[in-house]
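In what follows, a structure is listed as structure tokens, so that the remarks can point back to it.
Residue numbers (this note's numbering), protein chains in the order written: chain A, 48 to 848; chain B, 179 to 342.
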């Protein structure tokens, strides 16, 4: 029946381009020819532009807004203020965290560059003229930029709109500027462990405010069809389906009348998860004017208003026995959430998955308390290339382990090997109740130590120290928690965090698959097709992968928190298995045998014992449309909504070697060795690319990125003049390595990788810099490790000149 | 605002139009000529996503007015394919060496690398890094971009040698 003779099994397998091969990316062909389709490339008939009048003040009362002159500017079509949105009840919008956020400032501004009015005009130049013609009269108010001061007894009340409310969505409040307290772990057991510990260490660790800063800023095009009453919203959305639901809830439009399209996205890194005032104003604009309205933010708008990350003031403590075996961890976090509680975590988790803070270590007791606070800064608190606050948690534990090592006089690799969860303990339940699916931390770290000749490096460091030179070796052995997540503990606005895949096999044996996630550069069109190729026996080149159009793709929760492979990748495998089950029935019919007589081989069902008798998937596909067993419906399609049974826990061991110039404070990364274990590897080329990129973002955070504010709330450094994005010159050369410990609960054993390098990278850099000073009694230095700061440390030690 | 006539050659095609004097070249290319390869990633001339080739120089088209390009020869990424329509060595290099992820910086990177290879046919890795330092990438960590440029340089040099 089949053409079984022409290729060997191995050749057929290679032809598939399935799991494990370094397939070249399918999306590249349009990008290298300038034919990507990003949101600012969308050009609809009659399209107009909109942009914001923004507040120069961080905290002020708006006495009046005069839009008359602006409306008279040639080309200006409309100017919206809070007063215009109020009758529609759109002047405030709900946040994912249960709070509300002003769409356009309502009587008060709460942070610098806050959106005050929205000017719509024929082109971006007319809009710019209009913005300058809007007159706003402000009365400035006292500003709070320090979360500690925000909780002072006599501190000015920032959010008058929620004054007197004892809960703004995430627990009881204790102060007008306090948002929530989140408390996990066993406080008594932890206290007991600390009071009886041979050694304790404590450190104030601030993870500075940074910004994900994708190269393409956020934007949208809203287009209302007034005849059909249908809204199409194109935008930079990491989670297009969630956006559709949110728009429906906020704007009161029925959900089936809304189509959300996320076209090509120029990087996200968490920045494009949230809902921003621009989306609401463009939508109102198109409803009012009956013309499509485009809003695309500038870089300064991006860095100063849409979704910052971190800003965690952490106090970390470890208790240990005299041999450096950790017995307890205690952490308090003062979390600066800015003017509105608009962080993007699963709804029930005000500090995300921060309780992964025990890391790769078997720690018997833990207690964590996080207090969220309002300040006069932009709202946000997204996960910048990490799963929900995992970077903050990992940074804390990886720093604290080093602090402890220095205190007890243990080598920094040795203390890790001593405290790791052991391979036999998996699946391992941490004292904060996470069930780690699989891991082998000892093998990972030992492999790295050997690869870099760790002992040799330490000997070299000893020698350099004797000569007064500064050399640091930083180790990070992180565990991530990704793939949110099981609907029993993860939801967004009540919607379980499942994801989905729908597959249609065409009669001639090619296929289209649609998923609920959305690539922002991860290469989904390439890698999902590889999963399907292996599962279905159809070459990946014959499988089109589509995402981002809510009219065609099944509902999913989107791409962030390294969830695409763990959740939608699993859905793809499961949907494929449904198809394969039906294909088996059709094959049995075609080959006139029972289903049990068939076995699968690469791309076909073979009759057991009769290898020449087989039906290929291509043949089965055709039969599905004309030659079916009785009672079986035609077609070959399946959809799967995958609710993961657990998170996945990627891990890795990173080692960084730096040389510090004590006269200039300059830190030179000499070597960076990154070993990642993301379980089953779908495309090694794509994985390596993701690791390079994540490490580069980690390098940026550790060595230079920080959004600071002066005492009047002026944001400093919110443009590329100041905000550090490393160029090819500063960026180190990366060495990568891997081990493979598959996830036991994932259909193909994959865990997700995109964010690991950022999670592990930041600690590795920071630990390396501090290690360079460890022999001089330094246990911690605040990030980012800019030359000025490092030099100040040298000067304080009397070695700066 | 009164408009000014402007003439230039873009990707081998003669273009003439009336524009406001304040219209940026990048907006002229993207919105008037529908050449959306050049991207806008900042307003301070740092990111390089809008890089084009103008009269034999790499130029950030967000920092040039359209009227300043009067009489200029411009190439954008859309004009980078070989004469027979096949991918140029650089385009091929970016694909083969996984020199891109989200693709937003890619048109600017390719245009900058194109000019670099015109000026230095055999750059070292360090030279490639220096010469591309006006172009930011958030996804790749540059390592594979360096490889992509190397790939193109090697291929073009081999072709030149074969022709000699």
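Ideal Cβ positions, reconstructed from N, Cα and C, are used throughout, including at glycine.
**Study point:** Any chain A beta carbon closer than 9 Å to residue 344 of chain B
**Key:** An answer regarding residue 344 of chain B cannot be provided, because it is not within the stretch 179 to 342 covered by chain B.
Check your understanding: In whole angstroms, what separates the C-alpha of residue 244 of chain B from that of residue 181 of chain B?
Key -> In a straight line, the C-alpha of residue 244 of chain B is about 11 Å away from that of residue 181 of chain B.
Review point. Cα separation between residue 63 of chain A and residue 589 of chain A?
Key: Cα-Cα distance, rounded: 9 Å.
Exercise for review: Note down, in chain order, each residue of its chain lying with its Cβ closer than 7 Å to the Cβ of residue 49 of chain A, except the 5 sequence neighbours on either side.
Suggested key: Unreliable positioning characterises residue 49 of chain A in this predicted model, as indicated by a pLDDT of 49, which lies under 50. The coordinate reading is nonetheless provided below. Excluding sequence neighbours, residue 49 of chain A sits near 651, 661, 662, 663, 666.
Check your understanding: Using a C-beta cutoff of 9 Å, does residue 354 of chain A count as contacting chain B?
Key -> No, no contact with chain B.
Point to revise | Three-way DSSP call (helix, strand, coil) for residue 557 of chain A in this model | key: Three-state result, residue 557 of chain A: coil.
**Study point:** First and last residue of the uninterrupted alpha helix (DSSP H) at residue 242 of chain A
**Key:** Segment 234-242, the alpha helix (DSSP H) holding residue 242 of chain A.
Review point. For chain B, is any of its Cβ atoms less than 9 Å away from the one on residue 257 of chain A?
Key: No, no contact with chain B.
Exercise for review: Count the CB pairs spanning the region 331-340 of chain B and the region 273-287 of chain B that are closer than 8 Å, and state whether there are at least three.
Suggested key: No, the region 331-340 of chain B is not in contact with the region 273-287 of chain B.
Review point. Under the DSSP definition of a beta bridge, which residues are partnered with residue 148 of chain A?
Key: Per DSSP, A:140.
Review point. Are any of the Cβ atoms in chain A nearer than 9 Å to that of residue 298 of chain B?
Key: False, the Cβ-Cβ gap to chain A never drops below 9 Å.
Practice item. Label residue 325 of chain B either buried or exposed according to how many other C-beta atoms from any shown protein chain fall within 10 Å of its C-beta, with 16 as the threshold for buried. Key: Residue 325 of chain B is buried by the Cβ-count criterion.
**Study point:** Same chain only: Cβ atoms within 6 Å of residue 846 of chain A, ignoring 5 sequence neighbours per side
**Key:** Only residues of its own chain outside the window of five on either side were considered, and among them 709 have a CB closer than 6 Å to the CB of residue 846 of chain A, listed in chain order.
Point to revise | CB of residue 418 of chain A within 9 Å of CB of residue 382 of chain A, strictly | key: Contact: yes.
Review point. How about residue 775 of chain A and residue 320 of chain B: do their beta carbons lie closer than 9 Å?
Key: In contact: residue 775 of chain A and residue 320 of chain B (Cβ atoms closer than 9 Å).
Check your understanding: What does residue 776 of chain A touch in chain B if you count any residue whose Cβ is under 8 Å from its own?
Key -> By Cβ distance, chain B contributes 307, 308, 311.
Review point. With residue 316 of chain A and residue 261 of chain A assumed to form a contact (beta carbons below 8 Å), what rounded beta-carbon distance in angstroms separates them?
Key: 6 Å between Cβ atoms; contact.
Review point. Which of the three DSSP states, helix, strand or coil, is assigned to residue 65 of chain A?
Key: Coil at residue 65 of chain A, not helix or strand.
Practice item. Assuming residue 764 of chain A and residue 831 of chain A form a contact by the criterion Cβ under 8 Å, report the distance between their Cβ atoms to the nearest whole angstrom. Key: About 11 Å separates the two Cβ atoms, so there is no contact after all.
Practice item. Output yes or no for whether 9 Å exceeds the beta carbon distance between residue 671 of chain A and residue 681 of chain A. Key: Residue 681 of chain A sits close to residue 671 of chain A, with the two beta carbons spaced by under 9 Å.
Check your understanding: Per DSSP, what kind of secondary structure is residue 569 of chain A in: helix, strand or coil?
Key -> DSSP places residue 569 of chain A in coil when its eight states are reduced to three.
Check your understanding: Is residue 285 of chain B close to chain A, meaning its C-beta is less than 9 Å from at least one C-beta of that chain?
Key -> At least one chain A Cβ lies under 9 Å of residue 285 of chain B.
Exercise for review: Jot down the residue ranges of each uninterrupted beta strand (DSSP E) in the region 227-302 of chain A, minimum 3 residues, whole runs only, in chain order.
Suggested key: Runs found: 246-257, 266-272, 277-282.
Check your understanding: How many Å lie between residue 290 of chain A and residue 683 of chain A at the Cα?
Key -> Spanning the two alpha carbons is a distance of roughly 31 Å.
**Study point:** Residues in the region 556-568 of chain A having any Cβ partner in chain C nearer than 8 Å
**Key:** Reference to chain C is not applicable here, since the protein chains of this structure are A and B.
Review point. Between the C-alpha atoms of residue 222 of chain A and residue 829 of chain A, what's the straight-line distance to the nearest angstrom?
Key: The straight-line gap from Cα to Cα measures roughly 28 Å.
Review point. Enumerated in chain order, which unbroken segments of the alpha helix (DSSP H) with a length of 4 residues or greater are wholly contained in the region 481-560 of chain A?
Key: As far as the region 481-560 of chain A is concerned, its whole alpha helix (DSSP H) runs of at least 4 residues are 488-499, 501-513.
Exercise for review: Could you pull out every residue in the same chain whose Cβ sits closer than 6 Å to the Cβ of residue 153 of chain A, ignoring the five residues on either side in sequence?
Suggested key: Closer than 6 Å at Cβ, skipping near neighbours: 129, 138.
Review point. If you run the structure through DSSP and keep just helix, strand and coil, what is residue 214 of chain A?
Key: In the three-state scheme derived from DSSP, where H, G and I count as helix and E and B as strand, residue 214 of chain A is classed as strand.
Review point. Using DSSP with H/G/I as helix, E/B as strand and the rest coil, what is residue 681 of chain A?
Key: Residue 681 of chain A carries a coil assignment under DSSP once its states are collapsed to helix, strand and coil.
Review point. CA-CA distance, residue 319 of chain A and residue 283 of chain A?
Key: The straight-line gap from Cα to Cα measures roughly 6 Å.
Review point. Nearest CA to the CA of residue 264 of chain B: which residue from A:370, A:80, A:688?
Key: Of the listed residues, the one whose Cα sits closest to residue 264 of chain B is A:80.
Check your understanding: So, does the CB of residue 292 of chain B fall closer than 9 Å to a CB anywhere in chain A?
Key -> Not one chain A Cβ lies under 9 Å of residue 292 of chain B.
**Study point:** With 16 other Cβ atoms within 10 Å as the buried cut-off, status of residue 77 of chain A
**Key:** Exposed, by the Cβ-count rule.
Point to revise | From A:330, A:268, A:187, A:59, residue whose alpha carbon lies closest to that of residue 343 of chain A | key: It is A:268.
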